[in-house]
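Chemist: First the structure, which I've put down as structure tokens, then a few questions once you've had a look.
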Amino acid sequence: MIDVLVAILVVLPAFGIGIFGLLARRHFIRIIISVEIALNAVILTLGVFSALNGTMGEAIGILFLFIIAMEVAIGLAIAIQMDKVFQTVDIYAVRKIKDE
Amino acid sequence: MVNLVNLENTIFYLFAPFILFIFSLIVAIVGLFKKYLVAKILSYISLLLALITSIYFLSYSSALFLFNGKIIIDKFSLIVWIALIIGAFFSLSSMENDLISREALPLLLLSLSLALIAIISRDLLILFLAVEGSILPTYALVAQFKKEPFSLEATVKYFIFGILATLLFAYGITVIFGNLGSTSFAIISDKIPNSNLLLSVLGFILIILSLGIKSTLVPLHTWAIDTYQGAPTSITVFLSTTSKILGISVIALLITGPFSGLYKFTTIYYILVAFALLTLVVPNIAALIQRDLKRLLAYSSIAHAGYMSLIFVFPFQTIYILGYYLITYSIAKSVSFMVVKIISGEGSYSSYDSLRGLFKSNPLIAFAFSISLLSLAGIPPFAGFMAKFLLFLSTALSSSVGISLALIALIMSGVSVYYYVIVIRFASSKSLGNGNEKLLNLSFEKYLFLILSIVLLIVLTFFPNYFFVSIPIISP
Amino acid sequence: MTFDTTIYIIAVALVILFSYLAIRTKSILISLIYLVGMYAAGAWALIQVGAWFLALIYLFVNAGGVLVLIIFASMLTRPARDIPTNRRITFYGIITSTLLIALIGYYMYASNINYVASYSSNYYSIASFIFSYYFIGIIVVAIAALSIYFGAIYVAGEEK
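Residue numbers (the working numbering), protein chains in the order written: chain A, 11 to 110; chain B, 638 to 1113; chain C, 3 to 162.
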């Protein structure tokens, strides 16, 4: 037995932390961890809603997991190549290169 | 309403995405053996087959109805398909036959194939998967680090904003599912009037924000300029057509289809009007102070997203013009970026000065470039004029808000003529050096596509009615 | 508030704590440990709701696939410990995420969905949704996975 409104509202801070990390962190791998945090919040919300509306929600959640896992994979490929070419994973290092 | 046919022979009716998928595998294998020319010819063949099937299905008078109505191929989706495929054609023709094309061609074909599926899907989750799936390969296309700081900035910004859009879309679908218990367009449009309206509005706002990032509506456009500038120019051709056409037409599909019940609500209406107003004004003003050709064209493509978003304000009366506008935009914008590619290569920077003496040394390139810019500006004998004219007219006739928005669009269109003409004046001016401009060598395909674009931009002016779309069909 | 809801809130509080720590720590490997904690707490919360099948798949995909990928990527890159935070960007990040939460929270709260639901996963039904209702979706995901396979080779490939 779950109170739906309470259960959704308490997850929101986790979504906010994920979005904050996505926008404000400078380490590229830290950004990808933030994506995982925000996705976790979405999946939890979906779990609560599937308690409300039936199993279709879990099917949607599984397909979400696949898409985000793919984005993480391509993001990590970008991080490794960035480390090779620019010798750093700091996304703001580019500002210094431009100023020089 | 046209008749709907329920068909079993699925592969035949999904021929265009299917053929692109199969050819992308073949192209990837051919590319391994460094047969670049063969790979490119195969890609052209697959695009041509997809274009021919789309035009062939246009002759059907009825919509095609597959997978229990989760996929519907109607006139709206076919016209948008044609616009998408034209953009991919120009992107392909502006690539050189080298390592870039070997790795980029399969990704480009896969991305296009999923974009085609996105337009015909009539289920929110399948739409999400196809849109995100078509954006995913473009991260890899943009991420070509060439020791150039701009390429890094382009990739990182594109990736972060792309993932933000994905998360917002996912949350939006979650809310819509939680409220209505289904993701099918037909069920959503049935259930919305008798459901919890606040939750539906919240879900739809999140989805609009996500698609607004993809189609560069103004408060959400900040990634686009650096990404368009930092990406390799032949990839910029693809980004500025595919991603934008996809975003705009999916919003049009949603507000005329499943969420048309929400459209009466003032919150949604004001958000759409505010997006349209900002996207009309801001990029046109910002473009006036640009000194880099690629950056200017990026701003101009955002401005065109503004003209297109006039459709969202009164979709039921103005959507018929969307298909024609998308096709003329697709041709003119990709030719302008293609010329930048020919003049200054795949790099991030191209000053106005590199255009000097172009009319004297390379008249064909200069001619095609000027015609594409004049078409983007909306100068009479070209197709862009007819598209803008019909769009502004139908918006102005819709209501009083429509009149003021169309007036603003007209003024901004006048402003845009100024910066396009400056570029053309640079092209017609004398060169700074000793007058020996280098003759740019054009390959056969580029020659062909430049001539084709000139012909199309003039001829299409007189046949807008062939590309008028109807309101998308969402249920059998 | 029911007893189950109280347990759920404890699990979600752990999720929020671990995600905050994962964002805050200096070392990327330590923040990966917090990430594992967040996965576990998230799976607990999902099981508490009754969506244990989703919790299972969630752990399989994330702990089995994504986490290993992130560990390998962080071992292959430089351990940049001394990246300072940018005050302006932090400010904008806080503003944006707060506005987003406020938007969602306001609408959720105002919509007033006062339901008490009890639920348990039914994997036959989930499988029928995935493999018949969303069949075309599975095809789309497969094509996207293929494009990622090409794309990752393209980005991180040796010859440039």
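Ideal Cβ placement from N, Cα and C applies to all residues, glycine included.
Predicted model, so just to flag it, every value in this text is computed and none were measured.
Taking 7 angstroms as the CB-CB cut-off, is Phe-96 (chain A) touching chain C?
Modeler: No, Phe-96 (chain A) lies away from the interface with chain C (no Cβ there is under 7 angstroms from its Cβ).
Chemist: Just verifying my parser: in three-state terms, what is the DSSP assignment at Ile-709 (chain B)?
Modeler: Here Ile-709 (chain B) sits in strand by DSSP.
Chemist: Going by C-alpha distance, which of B:Leu-744, B:Asn-1078, B:Lys-712 is nearest Leu-876 (chain B)?
Modeler: It is B:Leu-744 whose Cα lies nearest to the Cα of Leu-876 (chain B).
Chemist: Relative to the C-alpha of Thr-820 (chain B), which residue among A:Met-66, A:Ile-84, A:Gly-28 is closest?
Modeler: Comparing Cα positions, the closest option is A:Met-66.
Chemist: Are the beta-carbon atoms belonging to Ala-780 (chain B) and Ile-88 (chain A) less than 7 angstroms from one another?
Modeler: Contact flag set, yes.
Chemist: Looking only at C-alpha atoms, which of B:Val-812, B:Val-1060, B:Ala-741, B:Trp-718 sits nearest to Arg-993 (chain B)?
Modeler: Closest option to Arg-993 (chain B), Cα to Cα, is B:Val-1060.
Chemist: Does the beta carbon of Phe-30 (chain A) come closer than 7 angstroms to any beta carbon on chain B?
Modeler: Not one chain B Cβ lies under 7 angstroms of Phe-30 (chain A).
Chemist: Could you tell me whether the Cβ atoms of Ile-968 (chain B) and Leu-1087 (chain B) are closer together than 7 angstroms?
Modeler: Result no, Cβ atoms of Ile-968 (chain B) and Leu-1087 (chain B) do not sit closer than 7 angstroms.
Chemist: Using the C-alpha atoms, what's the distance from Ile-1095 (chain B) back to Leu-1077 (chain B)?
Modeler: In a straight line, the C-alpha of Leu-1077 (chain B) is about 25 angstroms away from that of Ile-1095 (chain B).
Chemist: Between which two residues does the alpha helix (DSSP H) holding Ala-700 (chain B) run?
Modeler: Not the alpha helix (DSSP H): Ala-700 (chain B) falls in the beta strand (DSSP E), residues 700 to 703.
Chemist: Can you check whether the C-beta of Gly-191 (chain C) is within less than 7 angstroms of a C-beta belonging to chain A?
Modeler: Missing from the structure shown is residue 191 (chain C); chain C here goes from 3 to 162 and no further.
Chemist: Helix, strand or coil, according to DSSP, for His-37 (chain A) in the structure here?
Modeler: Looking at His-37 (chain A) - three-state DSSP - the assignment turns out to be strand.
Chemist: When the cut-off is 7 angstroms and only beta carbons count, does Phe-74 (chain A) lie next to chain C?
Modeler: Answer no: the Cβ-Cβ gap between Phe-74 (chain A) and chain C never drops below 7 angstroms.
Chemist: Go to Thr-1098 (chain B), then tell me how far its alpha helix (DSSP H) extends in each direction, as first and last residue.
Modeler: It is not in any alpha helix (DSSP H) - Thr-1098 (chain B) carries neither H nor E in the DSSP assignment.
Chemist: At a CB-CB cut-off below 9 angstroms, which residues of chain C make contact with Leu-992 (chain B)?
Modeler: None at all; the shortest Cβ gap to chain C is about 30 angstroms.
Chemist: Using the C-alpha atoms, what's the distance from Ser-832 (chain B) back to Leu-893 (chain B)?
Modeler: The sequence given here has Thr at residue 893 (chain B), not Leu. Those two C-alpha atoms are separated by around 19 angstroms.
Chemist: For a test of the three-state rule: what should DSSP assign to Val-99 (chain A), helix, strand or coil?
Modeler: Here Val-99 (chain A) sits in coil by DSSP.
Chemist: State whether the stretch 98 to 118 of chain C contacts the stretch 11 to 30 of chain A, with contact taken as three or more CB pairs (one from each stretch) at a distance under 8 angstroms.
Modeler: Output reads yes: the stretch 11 to 30 of chain A touches the stretch 98 to 118 of chain C.
Chemist: Among C:Val-68, C:Gly-39, C:Val-157, which residue has its Cα nearest to the Cα of Arg-739 (chain B)?
Modeler: Ranking the options by Cα distance to Arg-739 (chain B), first place goes to C:Val-157.
Chemist: Starting from the beta carbon of Ile-150 (chain C), find every residue of chain B whose beta carbon is closer than 7 angstroms, and list them in chain order.
Modeler: In chain order: Leu-773.
Chemist: Should the stretch 1030 to 1040 of chain B be called in touch with the stretch 960 to 967 of chain B, which here means at least 3 C-beta pairs below 8 angstroms?
Modeler: Because the criterion of three Cβ pairs below 8 angstroms is not met, the stretch 1030 to 1040 of chain B and the stretch 960 to 967 of chain B do not touch.
Chemist: So, for Asn-705 (chain B): in the same chain, excluding its five sequence neighbours on each side, which residues have a beta-carbon less than 6 angstroms away from its beta-carbon?
Modeler: Taken in chain order, the list of residues that qualify is empty.
Chemist: Beta-carbon separation of Tyr-41 (chain C) and Ala-24 (chain C) under 7 angstroms?
Modeler: Their beta carbons are not under 7 angstroms apart, which means Tyr-41 (chain C) does not touch Ala-24 (chain C) by this criterion.
Chemist: Quick one: what does DSSP say Ser-1009 (chain B) is sitting in, helix, strand or coil?
Modeler: Reduced to three states, the DSSP call for Ser-1009 (chain B) is helix.
Chemist: Going by beta-carbon coordinates alone, are Gly-818 (chain B) and Asn-63 (chain A) separated by less than 7 angstroms?
Modeler: The answer is yes: Cβ separation under 7 angstroms.
Chemist: Please name the residue, chosen from B:Thr-916, B:Phe-1105, B:Phe-1004, B:Lys-1067, that lies closest to Leu-1028 (chain B) on a Cα-to-Cα basis.
Modeler: Taking only the C-alpha atoms, the option nearest Leu-1028 (chain B) is B:Phe-1105.
Chemist: Mind checking which residues open and close the alpha helix (DSSP H) that includes Val-887 (chain B)?
Modeler: Here the alpha helix (DSSP H) through Val-887 (chain B) covers 881 to 893.
Chemist: Pull the bridge partners of Asp-929 (chain B) from the DSSP assignment, please.
Modeler: DSSP lists B:Ser-988 as partners of Asp-929 (chain B).
Chemist: Quick check on Tyr-1055 (chain B) - is its C-beta less than 7 angstroms from some C-beta in chain A?
Modeler: Chain A contact via Cβ: absent.
Chemist: Is it buried or exposed for Tyr-108 (chain C), if we count other Cβ within 10 angstroms and need 16 for buried?
Modeler: It counts as exposed.
Chemist: State the CB to CB distance for the pair Leu-789 (chain B) and Phe-59 (chain A), rounded to an integer number of angstroms; the pair is presumed to be in contact (CB under 8 angstroms).
Modeler: Leu-789 (chain B) to Phe-59 (chain A), Cβ: 39 angstroms. No contact.
Chemist: Out of C:Tyr-111, C:Tyr-117, C:Ile-155, C:Ser-76, point me to the one whose CA is closest to Val-14 (chain A)'s CA.
Modeler: It is C:Tyr-117 whose Cα lies nearest to the Cα of Val-14 (chain A).
Chemist: Contact criterion: CB-CB distance below 7 angstroms. Does Glu-110 (chain A) meet it with respect to chain B?
Modeler: With a pLDDT of only 48 at Glu-110 (chain A), under 50, the local geometry of the prediction cannot be trusted, and no value is derived from it.
Chemist: Which residue wins for smallest C-alpha separation from Leu-19 (chain A), given the options A:Val-45, A:Leu-75, A:Ala-51?
Modeler: Closest option to Leu-19 (chain A), Cα to Cα, is A:Ala-51.
Chemist: Taking C-beta to C-beta, are Gly-724 (chain B) and Thr-870 (chain B) nearer than 7 angstroms?
Modeler: Contact flag unset, no.
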